[in-house]
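If you're matching positions, the sequence shown starts at 870 in our numbering and goes up one per residue.
Below is one structure, written out as structure tokens, with a few remarks after it.
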Amino acid sequence: MHTHGIRKNSLQRIFQASALACLVLWSLAGCNRSTPEIDPAAGSSQILESPAQVVARFMEALKSGDTATASDLLTPTARQKTEEAKLEVGLPASKTAVCEVGEFEIIDEEGAHVASTWTDAHEDGEQRTDKIVWILRKESIGWRVAGMAMKIFDDAQPLILNFEDPADMMRKQQLAEEELMRRAEAEQTEGTPAKQLETAQNEEEEQSTQEEPKQLETARKRENKLRQ
């Protein structure tokens, strides 16, 4: 059995599973940006857009690397705070990515959650689909993106990122990276010869414990036959 290859693939899956969340923030230090403006001619139609339509435009902008449009679709507070921190939020631009927008739910009339998926191929050629819930708030200029929620680990709560609080986003990203490393190290440890030997010994002991009552029962039956 090629345990090294299995362990490598397992680690790749762990990192791929959280790649989008870890790339949701990146530094823009040294870059000059201008605050995007809404086209007056299109302003009224944009205000009437549904949360799903806004998310569709937002994800297409992220996919194509159109940072100006993506920034324009953030809430004013999120745009201001991320610019002050010289950070940009979103997903890595990818021409091969396929983004789909699902159903949305209105929360207290001023908020909305929009389900979506982001599918792309990784370096090993394997297609992966990540589910993202975008958190929107209704502003005077229409629905705008305030954050996102994404399941990173199957056995943990979704990672919720508030785009209006860059410090909290960076803290959560750091925690996610630390958890990634912890799980990666655990995967490596489980694949070492010492761990494999320990597992084999435990399985052997468990099997022996299960067989012992059967052996005793067989011995008793033989003894009873001899007495008869």
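Beta carbons are placed, not taken as given, at the ideal position from N, Cα and C, and that holds for glycine.
Only a predicted model underlies this, so the values are computations on that prediction, with no experimental measurement involved.
- Rounded to the nearest whole angstrom, the C-alpha separation of L917 and L1005 is 14 Å.
- Among the bridge pairs identified by DSSP, N1031 is matched with G1016.
- The shortest C-alpha to C-alpha distance from R997 to any of I975, Q1043 and C968 is the one to C968.
- Residue state for A990 is assigned as strand, using DSSP reduced to three classes.
- Residue pairing by DSSP places A925 opposite no residue, since no beta bridge is assigned to it.
- For T938, the enclosing alpha helix (DSSP H) stretches over residues T936 to D941.
- In this structure, L956 places its C-beta atom within 9 Å of the C-beta atom of M1039.
- Minimum Cα-Cα distance from A1025 among the listed residues E1048, A939 and E952 corresponds to E1048.
- Distances from the CA of G980 to each of A966, G1016 and I1001 were compared; the closest alpha carbon is that of G1016.
- When the Cα atoms are used, F927 and M1050 turn out to be separated by approximately 31 Å.
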